[in-house]
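Novice: My structure is below; once you've seen it, I'll send some questions.
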Amino acid sequence: MDSQAVSDIPRLHDAFRALRDDLSAEIVGQSALIERLLIALLADGHLLVEGAPGLAKTSAIRALAARLEAGFARVQFTPDLLPADLTGTEVWRAQDGRFEFQPGPIFHPLLLADEINRAPAKVQSALLEAMGERQVTVGRETYPLPALFLVMATQNPIEQEGTFALPEAQLDRFLMYVRIGYPDVDSETEILRLARERARQTLREPAVAPARMPLGDVFDARAAVLDLHLAPQLERYLVELVLASRDAGRYDAALARRIAWGASPRGSIALERCARARAWLAGRDYVTPEDVRAVAPDVLRHRVLPSYEATAEGWDGDRLVADLIERVPLP
Ligand SMILES: Nc1ncnc2c1ncn2[C@@H]1O[C@H](COP(=O)(O)OP(=O)(O)OP(=O)(O)O)[C@@H](O)[C@H]1O
Ligand SMILES: [Mg+2]
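Just so we're aligned: the sequence shown equals residues 1 to 331 in the numbering used here.
The structure is reproduced here in structure tokens:
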């Protein structure tokens, strides 16, 4: 890393701390969601968020978008959505006598894919493909996506009727699968106060827009995250956790029978990058075992699939990952 970036690190830390504080003041009692959003931003990945309606999923990414120099789009996934509604289409320009590409919402750096399981496989695939390839092909042309490209997809845990479950194999494209729950009493009371304040505000003059973080800062912070110290024993532990999901028999025969598929190398990469990002956000220049264990459930729950029999016994990715974390010894 060049010396200028090194001297910039305290400033970048301050900027991210301020960003986190601002988001926490606006989105109350959802610190895990806010942390995960910032980790995704720093680790260059995408989030799948599962939570009941009205839990500030939309508000959270909107609040982040308002504080970054990055455009934002929201797409409501519905059964009649077409891939072109997402990617864009070639439009005939009669005056020029040629086709011109009209980019779709996917070309926004921050994209909220709301209720991703309400659209059929073709549309889901168009999004997941773009998330993996970082480019979109329309007709014969391929268009690169913006340098910053963060998708937050949401799923509602209730109402499974008429939905199209995401293909398990493609869930791997998500850096993290985050589950959020209801706020506690104090947070709920604070939410009421904030809502009143906002309602009053709209009656008066429009609110002043918050300052936006330049994307250069995001990319510099990403470089700093990659430069953090990760001890070889800890790297080994992280790899061991992922390998254990593929070959759990080394730890426990019953656990091995419960796992149909373990995590991929993409899972190891995600685990490393998320642990690094968490350490960096905490202001440290080294990764701890706790960083790895703290992000492991969100990184791995969608990558470790229970066997048919285990599912019948009530095992899901969450329980399997918890069991793996329990069994693999810390360095
Ligand atoms: N933790 C919170 N902090 C502040 N406001 C909140 C919080 N939770 C909910 N709200 C408020 O509740 C309302 C609903 O939030 P939002 O639309 O972001 O929810 P959502 O999770 O996207 O819901 P849906 O699943 O229906 O799309 C908003 O007015 C939001 O400001
Ligand atoms: Mg919403």
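Each residue gets a CB set at the ideal place from its N, CA and C atoms; glycine is no exception.
#1: Between P53, A52, A40, T58, which has its C-alpha nearest E26's C-alpha?
#2: Spell out a yes or no on whether the region 188 to 200 and the region 105 to 116 are touching, meaning 3 or more CB-CB pairs, one atom from each, closer than 8 Å.
#3: Are the CB atoms of L330 and P289 within a distance shorter than 8 Å?
#4: Between which two residues does the beta strand (DSSP E) harbouring Q201 extend?
#5: For the putative contact between W280 and V225, defined by C-beta atoms under 8 Å, what is the C-beta separation to the nearest angstrom?
#6: May I ask you to report which of helix, strand or coil DSSP gives Q155?
#7: For I332, which of helix, strand or coil comes out of DSSP?
#8: How long is the line joining the alpha carbons of V91 and R303, rounded to whole angstroms?
#9: Please list the segments of the beta strand (DSSP E) lying wholly inside the region 84 to 157, counting only runs of 3 or more residues, in order along the chain.
#10: Inspect the beta-carbon positions of L228 and R276 and report whether they are closer than 8 Å.
#11: Report all residues from its chain with a CB closer than 7 Å to the CB of A63; omit the five preceding and five following residues, and keep chain order.
#12: Look up V295 in the DSSP assignment and say whether it is helix, strand or coil.
#13: Which residues bound the beta strand (DSSP E) around F72?
#14: Can you tell me which of A70, R293, L271, L234 puts its alpha carbon nearest to the alpha carbon of M176?
#15: Within this structure, are the beta carbons of V138 and P105 separated by less than 8 Å?
#16: Looking at Q201 and ligand 1, is the gap between the Cβ and the nearest heavy atom below 7 Å?
#17: Cα separation between A32 and I180?
#18: Say the cut is 7 Å; is the CB of T58 nearer than that to a heavy atom of ligand 2?
#19: Between the beta-carbon of A119 and the beta-carbon of F164, is there less than 8 Å?
#20: For W280, which residues does DSSP report across the bridge?
#21: Thinking just about the alpha-carbon of each residue, which of H13, V178, V328, Y143 is nearest to the one in H46?
#22: Leaving out the 5 sequence neighbours to the left and right, which residues in its chain are closer than 7 Å to L166 when beta-carbon positions are compared?
Specialist: Let's see:
#1: T58
#2: no
#3: Yes.
#4: Element bounds for Q201: not the beta strand (DSSP E) but the alpha helix (DSSP H), 185 to 203.
#5: 5 Å
#6: strand
#7: An answer regarding residue 332 cannot be provided, because it is not within the stretch 1 to 331 covered by the chain.
#8: CA-CA distance, V91 to R303, rounds to 39 Å.
#9: Segments of the beta strand (DSSP E) lying fully in the region 84 to 157: 88 to 93, 98 to 103, 110 to 114, 135 to 138, 141 to 144, 150 to 155.
#10: yes
#11: L23, E26, I27
#12: helix
#13: 72 to 76
#14: The residue with the shortest Cα to Cα distance from M176 is L271.
#15: no
#16: no
#17: Take the alpha-carbon of A32 and the one of I180: they are about 8 Å apart.
#18: yes
#19: yes
#20: W280 pairs with nothing; no bridge assigned.
#21: Distances from the CA of H46 to each of H13, V178, V328, Y143 were compared; the closest alpha carbon is that of V178.
#22: I116, N117, Q124
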